[in-house]
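The listed protein sequences correspond, in order, to chains F and Z. 1 is the number of the first residue of the first sequence in my numbering; add one for each residue after it. 355 is the number of the first residue of the second sequence in my numbering; add one for each residue after it. Glycine included, each C-beta is placed from N, C-alpha and C at the ideal position. Note that this is a predicted model, so its numbers are computed, not measured. Structure record follows, encoded as structure tokens.
There are 2 protein chains.
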Amino acid sequence: MNLKLALLPGDGIGPEVLAQAVKCLQAVEEAFGHNFVYREAVVGAIAIDKTGDPLPQSTLDLCQEADAVLFGAIGDPKFDNDPNAKVRPEHGLLKLRKELGLYANIRPVQVFPTLIDNSPLKKEIITGVDFVIYRELTGGIYFGEKKINEAGTVASDLCEYSELEIERIAHLAFKAAKNRKKRLTLVDKANVLESSRLWRKVVTKIGQSYPEVTLDFLFVDNAAMQIILNPALFDVILTENMFGDILSDEGSVIGGSIGLLASASIGENNALFEPIHGSFPQAKGKDIANPIASILSAAMLLEHFGLFEEAMLVRHSVDKSLEKGVVTPDLNNLSEYTTSQVGDFIAHTIEESD
Amino acid sequence: MNLKLALLPGDGIGPEVLAQAVKCLQAVEEAFGHNFVYREAVVGAIAIDKTGDPLPQSTLDLCQEADAVLFGAIGDPKFDNDPNAKVRPEHGLLKLRKELGLYANIRPVQVFPTLIDNSPLKKEIITGVDFVIYRELTGGIYFGEKKINEAGTVASDLCEYSELEIERIAHLAFKAAKNRKKRLTLVDKANVLESSRLWRKVVTKIGQSYPEVTLDFLFVDNAAMQIILNPALFDVILTENMFGDILSDEGSVIGGSIGLLASASIGENNALFEPIHGSFPQAKGKDIANPIASILSAAMLLEHFGLFEEAMLVRHSVDKSLEKGVVTPDLNNLSEYTTSQVGDFIAHTIEESD
Ligand SMILES: [Mg+2]
Ligand SMILES: [Mg+2]
């Protein structure tokens, strides 16, 4: 397969971890005979420093021309500490998501067997957990009309959804369920909310085109309980923007390895893959940052293009680095492996698999 | 203190557990020289059977004349299985909350040391957890304007709050924090929602009248994480209706003893106290239901009227029943204590405390 990939290393540890993800993609090219072309651009604080804009037009153009974007991390404390800063690094990512029309956020919740003791949940509850949350990302109450009266005494936010907004992410979620454990749970509050009843109606209708997938429903308050009590029951969770924000953050901590998790944001013509961790400025340039989340975001990229065998190999190679203890000091403070050594180990494991 | 209490036993195990709560209140009267008057009325399925209405006018009148309502449980499977049922037992409670103007729902999250192994969380995380959620109950998106267009393709719900709605529950929450660990956390999404920004503004202003209470803020997605990672950090959580629905249900499961939890709903002139568990119809009449949640709802009633010493004694007596293993079979399947024996033990412990 030929793919044009935009690389946006961003700030802090972004460049260091993204470099390891690229190593692994290059190993996949080698092992499977693919041809990926990489072009790099600035975003975030470094882009502000160079151009005054956290998302320069040239970066946006590059992303729009690419098949997908591999994103590092964003943010620099010099902006956090300046309340007068008019542009902020984070605006670069928000604007990029908007310009690329990335309407679906995909957050896998998984457990790494060697790290299971880090989980806040008991071992028997967290063992075998492997689900993925499909969160609608561009609609709902976060983007609905906001009002405040002149006296400043009454404020409101509107949660609105259209059939079309629900349909497009529902198709993505059903397709994912088809390739997984064939179970989709729609999380809503249909006993109370009109918008939730529309979600239920539209998703039920679309489910008829995916007869191999079992569809069930859960109210959001119950879902917040089940993620703690019975997380192994879930396969694919589909939900609207705000419920997805709450549940994907709740889900991210149950495995105990939040620093290793990746996410994808998908649009009609583009897609962006990134670790869920931040730019960790204190570790910048020290070659100690953990590259696994970035490498797993590359695995999600491969899956997005249907390269399931390739993605599986990347995941297995990550597992091997964890099993063999080839990890950065955050996972084992006795370990002396650097960011690039971990990346090398995983890339070599991919190459040697044949 | 003289109190007029309305007793609404309701359905299923409601009458059995409520009877134990009344035993304990009578023991408190005895031990402290109070004078409580009890009057009973029907609500729920039993009220439908007798009058056709899940909340007959005579029941509502009784509740409005009372200082507080002690509620059992509601619900009967014969209505759940009848999709054509026009009246449902649950409507009795919803209507009662509305008619009494109960705008604040209070849900303590606590851990019982003898039952800590039931928690889905690891012992070191759940030990010492003791917080309470103040959830606004009559405003926000659950009660805002609902719309659907004629084609049925666009639906919306409005989340609206006024200063007044925020102020009255904020005062309750600050007063509670003053009597506890003096920390109040407002949970909102003020980085995105206009209504959350109004909450933040109003709660900050009211906080100036409670200088002994430390006020901090947490976004709802972060709160969903912290309830799992660091639940012992919380004291009083204050939040709007839907966030409170999600977080109080999430909070209810972390202790592992959801069947033992109570709640209060507070209005301008009235208050209602109940276990959070349901009517458990399978156990009805068998004298096996666990009365502890109902007894703890009576402790919340005492606290509501400022009878802190009395409430503490009820709680200690409940702890003693757990420590001594005087519990119903749901907590220990080798136990042969009945509902009424557990109630007797706790009531006697209260009486003997002098
Ligand atoms: Mg979030
Ligand atoms: Mg609920």
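_Give me the chain F residues within the contact set of Tyr-496(Z), using Cβ-Cβ distance strictly less than 9 Å, ordered along the chain._
Lys-189, Val-192, Leu-193
*Please determine if the stretch 264 to 284 of chain F and the stretch 298 to 306 of chain F are in contact, where contact requires at least 3 C-beta pairs separated by less than 8 Å.*
yes
*Mind checking Arg-393(Z): buried by the 16 CB within 10 Å criterion, or exposed?*
exposed
*Min CB distance Glu-517(Z) to chain F below 8 Å*: yes
_Simplified DSSP assignment, three categories, for Pro-326(Z)_ = Outside the shown range of chain Z, which is 355 to 708, sits residue 326(Z), and nothing can be said about it.
*Closer than 8 Å, Cβ to Cβ, to anything on chain F: give me those residues from the stretch 499 to 517 of chain Z, in chain order.*
Lys-500, Lys-501, Ile-502, Gly-506, Thr-507, Val-508, Ala-509, Ser-510, Asp-511, Leu-512, Cys-513, Glu-514, Tyr-515, Ser-516, Glu-517
*Identify the contact partners of Leu-583(Z) in chain F, using a Cβ-Cβ distance below 7 Å as the criterion.*
Pro-120, Val-253
_Using beta carbons (cut-off 8 Å, strictly below), is Leu-96(F) in contact with chain Z?_
Taking Cβ atoms only, chain Z never reaches closer than 8 Å to Leu-96(F), which makes this a no.
*Kindly indicate which three-state DSSP category Asp-421(Z) falls into: helix, strand or coil?*
coil
_Nearest by alpha-carbon distance to Gly-455(Z): which of Val-680(Z), Leu-688(Z), Asn-623(Z), Tyr-488(Z) is it?_
Asn-623(Z)
*Compute the distance between the beta-carbons of Ile-228(F) and Leu-121(F), then report whether it is under 8 Å.*
Between Ile-228(F) and Leu-121(F), the C-beta spacing is below 8 Å.
_If you measure between the beta carbons of Leu-552(Z) and Tyr-515(Z), is that distance less than 8 Å?_
yes
*Check the Cβ of Ile-428(Z) against every Cβ in chain F and list those closer than 8 Å, keeping chain order.*
Those do not exist, as Ile-428(Z) stays about 16 Å from chain F at its closest Cβ, beyond 8 Å.
*Can you tell me the Cα-Cα spacing of Pro-410(Z) and Asp-421(Z), whole angstroms?*
Pro-410(Z) and Asp-421(Z) have their C-alpha atoms some 19 Å from each other.
*asked:* Using 8 Å as the threshold, is the C-beta distance between Phe-280(F) and Gly-12(F) below it?
replied: yes
*Can you list, in chain order, the stretches of the beta strand (DSSP E) that have 3 or more residues and sit fully within the stretch 525 to 551 of chain Z?*
537 to 542
*asked:* Contact defined as beta carbons within less than 8 Å: I believe Asp-436(Z) pairs with Glu-194(F). What is the distance between those atoms, to the nearest angstrom?
replied: In fact, because the Cβ distance is near 25 Å, the residues do not count as touching under 8 Å.
*Rounded separation between Lys-4(F) and Leu-70(F) - CA only*: 11 Å
*For the alpha helix (DSSP H) that contains Ser-671(Z), what are its first and last residues?*
662 to 677
*asked:* Using a 10 Å radius around the Cβ and a threshold of 16 neighbouring Cβ atoms, would you call Asn-35(F) buried or exposed?
replied: exposed
*Going along the chain, which residues of its own chain have a beta-carbon closer than 6 Å to the beta-carbon of Arg-669(Z), five neighbours each way excluded?*
Ala-653
*Please decide whether Arg-200(F) counts as near chain Z, where near means a Cβ-Cβ distance under 8 Å.*
Arg-200(F) has a beta carbon lying at 8 Å or more from every beta carbon in chain Z.
_Same chain, Cβ closer than 8 Å to Asn-686(Z), five either side skipped, listed in chain order_ = Within the same chain, Cβ atoms closer than 8 Å to the Cβ of Asn-686(Z) are found at Gly-679, the five residues on either side in sequence being excluded.
*alpha helix (DSSP H) segments (min. 4 residues) lying fully within the stretch 579 to 625 of chain Z*: You should have 595 to 608.
*Assuming Thr-328(F) and Ala-289(F) make a contact with CB atoms under 8 Å, what is their CB distance in whole Å?*
Between Thr-328(F) and Ala-289(F), the beta carbon gap of about 7 Å places them in contact (Cβ cut-off 8 Å).
*Using beta-carbon positions only, say whether Ser-317(F) and Leu-137(F) come within less than 8 Å of one another.*
no
*Inter-residue CB distance, Lys-513(Z) and Ile-487(Z) (contact presumed, cutoff 8 Å)*: The question names Lys, yet the displayed sequence has Cys at residue 513(Z). Actually they are not in contact, since the Cβ atoms of Cys-513(Z) and Ile-487(Z) sit about 19 Å apart, beyond 8 Å.
*Give a single yes or no on whether Asp-76(F) has its beta carbon closer than 7 Å to a heavy atom of ligand 2.*
Not so, every heavy atom of ligand 2 lies at least 7 Å from the Cβ.
*Quick one: is Leu-569(Z) buried, meaning 16 or more other Cβ sit within 10 Å of its Cβ, or exposed?*
buried
*Give the secondary structure of Val-391(Z) by DSSP, where H, G and I count as helix, E and B as strand, and everything else as coil.*
strand
*In terms of residues, what are the limits of the beta strand (DSSP E) holding Leu-485(Z)?*
Note that residue 485(Z) is Phe in the sequence shown, not Leu. Segment 484 to 490, the beta strand (DSSP E) holding Phe-485(Z).
*asked:* If the criterion is Cβ atoms closer than 8 Å, does the pair Gln-26(F) and Thr-339(F) meet it?
replied: no
*For Thr-558(Z), does the count of other Cβ atoms within 10 angstroms reach 16, so buried, or fall short, so exposed?*
exposed
*Taking 8 Å as the CB-CB limit, is Asn-370(F) close to chain Z?*
Given a span of 1 to 354 for chain F in the structure shown, any question on residue 370(F) remains unanswerable.
*Report yes or no: is there a C-beta of chain Z within less than 8 Å of the C-beta of Asp-245(F)?*
yes
_Using C-beta distances below 6 Å, list every residue in its chain close to Val-483(Z), excluding the 5 sequence neighbours before and after it, in chain order._
Val-465, Pro-585, Ala-586
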